[in-house]
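Q:
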Amino acid sequence: MSSLGDTPKIVIRELHKAFGENRVLRGIDLDLPAGKSLAVIGGSGTGKSVLIKSIIGLLEPNSGSIRVDGDETVGMSPDRRERITRKFGMLFQGAALFDSLPVWENVAFGLTQARNMVRSDARDAALDAMNIVGLDDDIADRAPAELSGGMQKRVGLARAIATRPEILFFDEPTTGLDPIMGSVIDNLILKSVHELGATALTITHDMASARRIADNVALIHQGRIVWHGPVGDIDHSGNDMVDQFINGRSIGPIQLQGAT
Amino acid sequence: MGFLASIGRGTISIFATIGYITAFAAISLSHCVRPPFYPRLILHQIIEIGYYSLPVVGLTAIFTGAVLALQSFSGFGFAGEATIANVVVWGITRELGPVLAGLMVAGRIGAAMAAEIGTMRVTEQIDALTTLSTNPYKYLIAPRLIAAIATLPLLVLIADVIGVLGGFLVSIYDFGFNPTTYLKSTWDSIDAPGFISGLVKAAVFGFVVALMGTYHGYHSKGGAQGVGQATTNAVVSASILLLLFNFIITAMFFAT
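First to last, the protein sequences are chains A and B.
When the letters of the first sequence are read in order and numbered with the working numbering, they come out as residues 1 to 260.
When the letters of the second sequence are read in order and numbered with the working numbering, they come out as residues 261 to 516.
What follows is the structure, given as structure tokens:
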């Protein structure tokens with residue numbers, strides 16, 4: 001698959017990942033241009049999460065290539081992998097906040113633990129990141145469990161951007177949120193990505209969200225990218241699977257898993 | 261044929277599990293001796309494992325020492341300060357102190373470690389650690405292992421003292437023994453190999469309890485049910501391994 005924009009920040013070729021007999025990724029080819037935002041859309045169980053976890057290094061692919069800034073990460077040693085991971089920031093679907101730490105320590109975690117920043121400076125940096133995502137300073141000392149789902153997502157976003165990463169990953173950022181809060185999170189993602197000048201990869205099945213935050217969209221189905229193009233082309237892609245997915249039709253080439 | 265196949269699968273599964281645990285232990289121990297270290301986390305775990313286990317370990321020890329004296333006098337028919345003191349000291353310092361303290365800590369701390377790390381696993385907090393360039397083995401596992409290995413001997417030392425005190429109280433107030441004579445007999449009964457073997461056992465038990473708690477928590481999956489299963493597995497496997505290692509260490513120290 002050819003690049004859609006500038007120099008690719010991430011290049012994925014022939015990526016395969018299986019769990020036993022279950023072949024989840026079956027030869028993914030994908031380019032992520034620097035400074036652009038790509039949304040990978042697709043139904044449940046199509047391999048979106050496995051793809052993002054393979055890129056980040058949480059899963060080891062069976063075969064294929066993932067290059068980040070030209071460095072091959074498949075089979076990379078843990079020490080070198082850690083240097084690559086420093087370029088990443090990630091917002092998890094459930095926020096994945098550390099419930100043993102207050103909000104500000106969650107946001108500052110990457111600064112205090114991986115970059116050895118002194119706690120007072122890290123707190124100031126955490127408060128700055130919290131302000132970018134619209135969180136007040138007065139929740140800094142509260143426990144994550146005291147926050148609503150939307151606020152937890154904001155804290156997760158603040159944590160993802162606090163280290164000023166070059167590449168941001170968003171795993172289903174609007175899942176579980178009401179439409180208004182979903183829109184707020186999308187706008188914060190846009191703002192964060194633009195302020196950092198970061199490259200972004202989002203996996204989602206929320207089309208409204210994908211249209212808001214993405215420059216390019218890729219549809220994944222049965223472990224393969226079946227369409228990839230600018231977000232403006234998605235309504236006249238000429239691809240039946242894309243048409244079925246974006247219009248939410250039950251009849252079409254995409255069959256629900258387990259359905260007869 | 262199906263019966264033999266199931267035996268074969270079970271055998272392979274057992275050896276595979278031993279392999280996984282051994283690999284997990286080797287990786288974890290390698291992170292215990294390589295920087296960066298997390299002294300705040302280690303201190304926090306020492307307080308959790310040591311300080312907060314003191315009441316349950318102390319109560320277990322004092323009643324065990326008291327019962328040992330009672331059984332020695334009334335049940336076994338031993339008489340005299342020297343014999344009772346000897347049974348209590350040897351029983352507590354060599355076996356009951358470390359084993360009971362280890363089992364109490366396995367129930368309290370092993371379960372807590374499995375539940376906490378298991379919850380972190382199923383809520384993607386461990387994945388989040390990795391994305392924040394923090395090695396989960398270094399941040400979650402190593403501090404717990406270091407703290408448990410360092411703290412259990414101290415806890416057992418205290419349990420030994422409290423257990424012997426339990427025997428002393430029963431001997432003095434129930435049997436009417438002379439306190440001075442009993443204390444002298446207690447002091448004379450303390451033997452270096454028995455005492456040291458108890459502390460060695462304690463350090464090994466600390467390692468076993470923390471290893472099982474962290475291993476089962478780290479590999480838990482499937483939400484709340486998976487975390488519950490991990491907690492149960494941690495306590496059961498730690499208890500069994502603890503008794504196995506108790507036998508092995510005893511044989512190493514005292515087998516002729």
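From the three backbone atoms N, C-alpha and C, an ideal C-beta is built for every residue, glycine too.
Should Ser2/A go down as buried or exposed, given a rule of 16 or more other Cβ atoms within 10 Å for buried?
A: In this prediction, Ser2/A scores a pLDDT of 40, lower than 50, which makes its location untrustworthy; the coordinate-derived value is nonetheless stated afterwards. Flag for Ser2/A reads exposed.
Q: Would you kindly check if the distance between the Cβ of Leu59/A and the Cβ of Val50/A is under 8 Å?
A: Yes, these two residues count as a Cβ contact at 8 Å.
Q: Taking CB distances under 8 Å as the criterion, tell me whether Leu157/A reaches chain B.
A: So no, Leu157/A is outside the interface.
Q: Drop a sphere of 10 angstroms on the beta-carbon of Lys481/B, count the other beta-carbons inside from all chains shown, and report buried for 16 or more, exposed for fewer.
A: Counting Cβ neighbours within 10 Å, Lys481/B comes out exposed, since fewer than 16 surround it.
Q: State yes or no: is the beta carbon of Glu384/B nearer than 8 Å to at least one beta carbon in chain A?
A: For Glu384/B, the answer is yes, since a Cβ of chain A falls inside 8 Å of its Cβ.
Q: Look at the Cβ atom of Val464/B, then the Cβ atom of Phe505/B, and state whether they are nearer than 8 Å.
A: Contact flag set, yes.
Q: How is the beta strand (DSSP E) around Ile66/A delimited, first residue to last?
A: Where Ile66/A is concerned, the enclosing beta strand (DSSP E) stretches over 63-68.
Q: Going along chain B in order, which residues have a C-beta closer than 9 Å to the C-beta of Thr85/A?
A: Correct list: Thr390, Thr391, Leu392, Ser393.
Q: Quick check: the Cα distance between Pro8/A and Leu201/A, rounded to an integer number of angstroms?
A: Straight-line Cα distance between these residues: approximately 12 Å.
Q: With a threshold of 16 other CB atoms inside 10 Å of the CB of Thr282/B, please say whether the residue is buried or exposed.
A: Counting Cβ neighbours within 10 Å, Thr282/B comes out exposed, since fewer than 16 surround it.
Q: Pick out whichever of Phe513/B, Ala511/B, Val496/B has its Cα sitting closest to the Cα of Val366/B.
A: Residue 366/B is actually Ala in this sequence, not Val. Considering only alpha carbons, the answer is Val496/B.
Q: Note down, in chain order, each residue of its chain lying with its Cβ closer than 8 Å to the Cβ of Ala122/A, except the 5 sequence neighbours on either side.
A: Around Ala122/A: Ala108, Leu111, Thr112.
Q: Whole-angstrom Cβ separation of Leu429/B and Ala342/B, contact assumed at under 8 Å?
A: Contact doesn't hold; Cβ gap of about 18 Å is too wide.
Q: Within the segment 155-200 of chain A, note down every full alpha helix (DSSP H) run reaching 4 residues or more, in order along the chain.
A: Whole alpha helix (DSSP H) segments, 4+ residues: 179-196.
Q: Quick check: what's the CA-CA separation for Gly458/B versus Arg368/B?
A: Their backbone Cα atoms lie some 20 Å apart in a straight line.
Q: Say the cut is 7 Å; is the CB of Leu38/A nearer than that to a heavy atom of the ligand ADP?
A: You won't find the ligand ADP in this model; it holds no ligand whatsoever.
Q: Buried or exposed for Phe507/B, please, with buried defined as at least 16 other CB atoms from any protein chain shown within 10 angstroms of its CB.
A: By the neighbour-count rule (16 or more Cβ atoms within 10 Å), Phe507/B is not buried but exposed.
Q: Is DSSP giving Thr320/B helix, strand or coil here?
A: Thr320/B falls in the helix class under three-state DSSP.
Q: Starting from Ile41/A, follow its DSSP beta bridges and name the residues at the other end.
A: Thr204/A, Leu219/A, per the DSSP bridge assignment.
Q: In angstroms, rounded to a whole number, what distance separates the CA positions of Ile500/B and Ala462/B?
A: Those two C-alpha atoms are separated by around 15 Å.
Q: Using DSSP with H/G/I as helix, E/B as strand and the rest coil, what is Arg26/A?
A: The answer is strand: DSSP assigns Arg26/A an E or B state.
Q: If you run the structure through DSSP and keep just helix, strand and coil, what is Ser2/A?
A: Confidence in Ser2/A is poor, its pLDDT being 40 and thus under 50, which makes the residue's placement unreliable; the coordinate value appears in the next sentence. Coil, per DSSP.
Q: Three or more C-beta pairs closer than 8 Å, one from the segment 177-186 of chain A and one from the segment 15-25 of chain A: is that the case here?
A: With the cut-off at 8 Å, the segment 177-186 of chain A and the segment 15-25 of chain A do not touch.
Q: Report, in whole angstroms, the separation of the C-beta atoms of Gly477/B and Met373/B, which I expect to be a contact under 8 Å.
A: With 8 Å as the limit, Gly477/B and Met373/B qualify as a contact, their Cβ atoms being about 6 Å apart.
Q: State yes or no: is the beta carbon of Ile56/A nearer than 8 Å to at least one beta carbon in chain B?
A: So, interface residue.
Q: Which residues bound the alpha helix (DSSP H) around Arg404/B?
A: Looking at the DSSP string, the run of the alpha helix (DSSP H) that includes Arg404/B is 402-433.
Q: With H, G and I counted as helix, E and B as strand and the rest as coil, what does DSSP make of Leu392/B?
A: Coil.
Q: Quick one: using the 10 Å Cβ neighbour count with 16 as the cut-off for buried, is Leu303/B buried or exposed?
A: Counting Cβ neighbours within 10 Å, Leu303/B comes out exposed, since fewer than 16 surround it.
Q: Starting from Phe437/B, follow the beta strand (DSSP E) in both directions and report where the run begins and ends.
A: Here Phe437/B belongs to no beta strand (DSSP E), and DSSP marks it neither H nor E.
Q: For Glu384/B, which of Leu196/A, Gly229/A, Leu91/A, Gln255/A has the nearest alpha-carbon?
A: Of the candidates Leu196/A, Gly229/A, Leu91/A, Gln255/A, the one whose C-alpha sits nearest the C-alpha of Glu384/B is Leu91/A.
Q: So, is the C-beta of Met1/A closer than 8 Å to a C-beta in chain B?
A: Low confidence applies here, because Met1/A scores a pLDDT of 43, under 50, leaving its location unreliable; read the following figure in that light. No, because no Cβ of chain B sits closer than 8 Å to the Cβ of Met1/A.
Q: Please report the distance separating the alpha-carbon of Ala371/B from that of Arg83/A.
A: Cα to Cα, Ala371/B sits roughly 35 Å from Arg83/A.
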